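Let me begin by presenting the structure, written as structure tokens, before commenting on it.
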Amino acid sequence: MYILGLSAMGHDSAAALLGDSGIVAALEESKLARRRALAGIPREAIRYCLERAGIGWRDVAHVAIASRPWRAWQRQASFRARLAPLAPVSSGYFVNKASGELGRELNNVRIVRQMAGAPEGRVASLDHHLCHAASAFYASAFERALVVSLDEKGDGRAGFVGMGEGTGLRQVASLALPHSLAWVYSQVTKLLGFRPHADEHKTQWLGIYGQSGGDTGGGSAAVMTGAATGAVDFTDLFLEMLRRAPRGPAYLNAKYFRHGFAGELSFTREFYRRAGIAREPAEDSPETRVAEPLRAGIAAGLQRACEIILCEWLAALREEYKERSLCLAGGLFLNPLLVAAIELRAGFDNVFVQPAAGNEGTALGAAWLLWHQQLGRARMAAMSGPYWGPAYSNEEIKKVLDNCKAAYHWCDSDERKLGEAARLLQAGRIVAWFQGAAEFGPRALGNRSLLASPWAPYAKENLNDYVKHRESFRPFALAIPEERCAEYFECSPNGRFLTTMAKANEAGRKLLAPLPPGFLLPDNLVRLHVVHTADNPLFWKLLNRAGENAPAPMLVNTSFNLFGEPLVVTPRDAVRSYFCSGADALLAGNFLLEKR
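Going by our numbering, the first residue of the sequence shown is number 13, and it counts up by one from there.
If you want it as structure tokens, here you go:
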């Protein structure tokens with residue numbers, strides 16, 4: 013039996029195919045279309061899933077969609093109706109906007125039914141947050157767990173609290189609009205001059221430097237001025253904005269937000285006054301920035317406030333429901349600093365965050381939810397590596413290389429391939445690593461990666477300046493074999509998915525101290541990918557091989573893509589990205605390409 017799961021189609025659309033043996037295939041539409049944050053029906057991702065399984069639509073028993081458009085519209089309309097006396101114009105605008113979204117969503121469901129040739133009963137629309145929760149709980153190894161989902165406004169609400177036991181998953185609490193930390197995070201991201209709903213990760217990393225007020229490599233000059241000339245702690249301001257009382261859920265203080273909650277910047281003049289920002293920014297300005305180091309201070313204050321609110325609230329939920337395990341999902345938990353704080357301070361014995369915690373992961377959750385709750389099927393094995401994207405044979409890769417007139421060398425065995433990669437890395441080269449099946453989710457976990465030795469001179473600068481073209485304050489991840497991790501770091505099991513942060517012990521601090529800034533972060537935090545041999549045996553072998561002539565078996569691991577694009581998927585994507593970037597070599601399958 014096959015079940016096709018589709019994410020909510022408003023943004024980051026994806027498809028996942030579930031069979032009797034587990035997840036057969038899963039992929040985001042954006043990776044095939046080569047554009048980020050793609051909305052609508054994931055047609056190419058669906059086509060890939062069916063082709064991977066060697067089946068057609070007639071073989072799909074059920075289609076599960078992670079959205080209930082009518083329910084979303086009702087909730088948003090109710091929220092706007094309450095605001096109408098205070099902000100009639102913006103409320104009317106957003107009700108009309110929600111009606112347009114409803115029409116598009118219903119039309120998408122209709123088209124999916126036509127594509128599937130399925131009667132009403134075979135296409136199910138499921139609650140968005142319940143699908144988020146299912147994507148975390150059913151992927152975990154926990155028999156029982158508290159499950160929390162938080163995003164911006166999935167199906168017209170800000171969050172979900174549930175209890176998972178065995179194959180069951182039920183709601184115990186819900187968070188209503190507008191009390192969404194994820195929405196506020198996007199607001200602040202816009203305020204800091206980044207793109208909302210795309211650059212929230214920049215806000216989180218910028219915040220690391222907020223306490224010290226050090227150089228953050230912020231880029232262009234500010235067009236806004238701040239009252240502060242040094243680092244300012246904004247934590248208390250954001251706590252006042254985002255919670256009603258300690259140990260409670262997020263609750264937005266209307267004093268700091270416009271009544272209509274309209275537009276991409278919805279802060280009141282009171283917020284700008286308290287933040288020390290001299291003038292309110294123009295909402296349509298593409299260069300809206302706050303002054304340095306005020307930007308880093310605002311980002312740090314928001315991050316710390318979110319950590320405090322969530323850790324206290326989750327601890328209260330733990331005490332109320334007497335659960336020792338916690339599963340987290342939703343776009344807010346793509347923040348590894350936040351996950352690490354929860355692991356440390358919320359008091360749970362076990363915390364699990366799967367690598368596709370954002371909207372794309374609801375495709376998995378929808379399929380699992382229907383499998384367990386409607387069909388009554390047993391739990392499957394816990395998630396290991398999310399390598400459910402396309403894989404390519406050497407023959408398929410060769411056809412692309414020949415078509416591109418690329419010069420290459422043939423590595424006649426894995427040992428030869430590992431030896432060549434280790435040679436290049438030891439020489440300080442940046443190696444594009446294209447092996448096996450593509451990862452599902454936003455992070456490179458060793459199959460679509462750019463690799464470098466952290467001890468190579470200027471490795472971080474070369475990756476930033478000539479390949480990634482990104483801000484210098486953003487850290488790179490280090491990959492290490494699971495067996496060697498404890499020698500240098502303290503890291504939870506979430507390190508295998510890059511969904512948390514590790515902490516360097518004394519040996520780790522000594523090891524990383526000579527490296528450029530950005531590997532060892534404040535509070536001895538490290539962005540760490542812990543590689544298990546069962547998850548990715550080839551990458552695990554490469555780490556050990558590279559460690560034979562290095563202080564430790566560690567490599568810099570960052571995503572293989574051009575600036576502004578998603579992870580590469582196909583051999584043609586890999587060749588294009590390699591030749592259009594400053595990468596020194598490409599290992600695609602058993603083929604080695606080198607630049608002079």
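Backbone N, C-alpha and C define an ideal beta-carbon position, used for all residues, glycine too.
Quantities reported herein were computed from a predicted structural model and do not represent experimental measurements.
Does the Cβ of residue i have 16 or more other Cβ atoms within 10 Å, making it buried, or fewer, making it exposed?
i       : result
Asp-227 : Caution is warranted here: a pLDDT of 37 is assigned to Asp-227, below 50, making its placement in the model unreliable, and the coordinate value is therefore given only provisionally. Per the 10 Å Cβ criterion, exposed.
Glu-282 : exposed
Gln-386 : exposed
Arg-63  : Reading off the sequence shown, one finds Glu at residue 63, where the question assumed Arg. Exposed, by the Cβ-count rule.
Leu-162 : buried
Ser-90  : exposed
Val-184 : exposed
Tyr-470 : exposed
Arg-557 : buried
Pro-398 : buried
Arg-608 : exposed
Gly-115 : exposed
Ser-461 : buried
Cys-61  : buried
Asn-561 : exposed
Phe-591 : exposed
Ser-425 : exposed
Ser-405 : exposed
Asp-139 : buried
Glu-117 : buried
For residue i, which residues in the same chain have their Cβ closer than 8 Å to its Cβ, ignoring the five residues on either side in sequence?
i       : result
Phe-154 : Gly-176, Ser-337, Cys-339, Asn-362, Phe-364
Ala-73  : Met-13, Tyr-14, Ile-15, Arg-134
Leu-189 : Arg-87, Gln-88, Phe-91, Lys-165, Gly-168, Arg-169, Ala-170
Pro-298 : In this prediction, Pro-298 scores a pLDDT of 44, lower than 50, which makes its location untrustworthy; the coordinate-derived value is nonetheless stated afterwards. Closer than 8 Å at Cβ, skipping near neighbours: no residue.
Cys-497 : Cys-503, Gly-507, Ala-514, Leu-540, Val-542
Leu-579 : Lys-43, Ala-450, Glu-451, Pro-454, Ala-456, Arg-460, Ser-571, Phe-572, Asn-573
Under the three-state reduction of DSSP, which class applies to residue i: helix, strand or coil?
i       : result
Phe-364 : strand
Glu-606 : strand
Tyr-14  : strand
Ala-516 : strand
Arg-588 : helix
Ser-461 : strand
Met-609 : No answer is possible for residue 609: the residues shown for the chain start at 13 and end at 608.
Val-72  : strand
Asn-569 : strand
Arg-207 : coil
Leu-611 : Because the chain spans 13 through 608 in this model, residue 611 falls outside it and cannot be assessed.
Ala-162 : As written in the sequence, residue 162 is Leu, which differs from the Ala given in the question. Leu-162: strand per DSSP, three-state reduction.
Using only the alpha-carbon positions, how far apart do residue i and residue j sit?
i       : j       : result
Ala-312 : Thr-247 : 8 Å
Ala-157 : Glu-335 : 6 Å
Gly-66  : Lys-515 : 44 Å
Ala-394 : Glu-40  : 21 Å
Glu-494 : Val-542 : 5 Å
Ser-484 : Asn-573 : 17 Å
Ala-358 : Val-538 : 20 Å
Ala-390 : Gly-31  : 12 Å
Tyr-333 : Gly-260 : 15 Å
Asp-585 : Ala-418 : 14 Å
Ala-456 : Lys-480 : 14 Å
Arg-255 : Arg-286 : 17 Å
Arg-59  : Leu-29  : 11 Å
Gly-17  : Ile-35  : 10 Å
Leu-463 : Asn-569 : 5 Å
Ala-352 : Gly-453 : 19 Å
Gly-440 : Ser-465 : 6 Å
Leu-436 : Thr-582 : 23 Å
Leu-142 : Glu-372 : 14 Å
Tyr-428 : Gly-576 : A quick correction: the sequence has Arg, not Tyr, at residue 428. Arg-428 and Gly-576: Cα-Cα distance of roughly 33 Å.
Glu-408 : Leu-550 : 20 Å
Of the choices the options, whose alpha-carbon is the least far from that of residue i?
i       : options                            : result
Pro-529 : Asn-548, Ala-390, Gly-397, Ile-220 : Ile-220
Pro-563 : Arg-389, Asn-506, Tyr-500          : Tyr-500
Arg-125 : Phe-509, Arg-55, Leu-142           : Arg-55
Asp-458 : Ala-418, Arg-94, Ala-433, Ser-571  : Here residue 458 is Gly; the residue named in the question, Asp, does not match the sequence. Checked all of Ala-418, Arg-94, Ala-433, Ser-571; the closest Cα to Gly-458 is Ser-571.
Ile-442 : Pro-526, Gly-594, Arg-256          : Gly-594
Ala-128 : Ala-110, Ala-456, Ile-53           : Ile-53
Ala-379 : Arg-486, Leu-118, Asp-71, Ser-137  : Ser-137
Ser-42  : Asp-24, Gly-34, Glu-518            : Asp-24
Are any of the Cβ atoms in chain D nearer than 8 Å to that of residue i?
i      : result
Gly-66 : Here there is only one protein chain, and chain D is not present.
Near residue i, what residues of its chain come up, given a Cβ to Cβ distance below 6 Å and the 5 sequence neighbours on each side ignored?
i       : result
Ser-232 : Model confidence at Ser-232 stands at a pLDDT of 30, short of 50, so the residue's coordinates are unreliable; what they give is reported in the following sentence. Cβ neighbours of Ser-232 beyond the five flanking positions: none.
Ala-110 : Trp-85, Gln-88
Ala-444 : Leu-462, Phe-572, Tyr-590, Ala-595, Leu-598
Gly-520 : Tyr-500, Phe-501
Does at least one heavy atom of the ligand FMN sit under 7 Å from the Cβ of residue i?
i       : result
Ala-444 : For the structure depicted, the ligand FMN is absent and the ligand set is empty, with no information on it obtainable.
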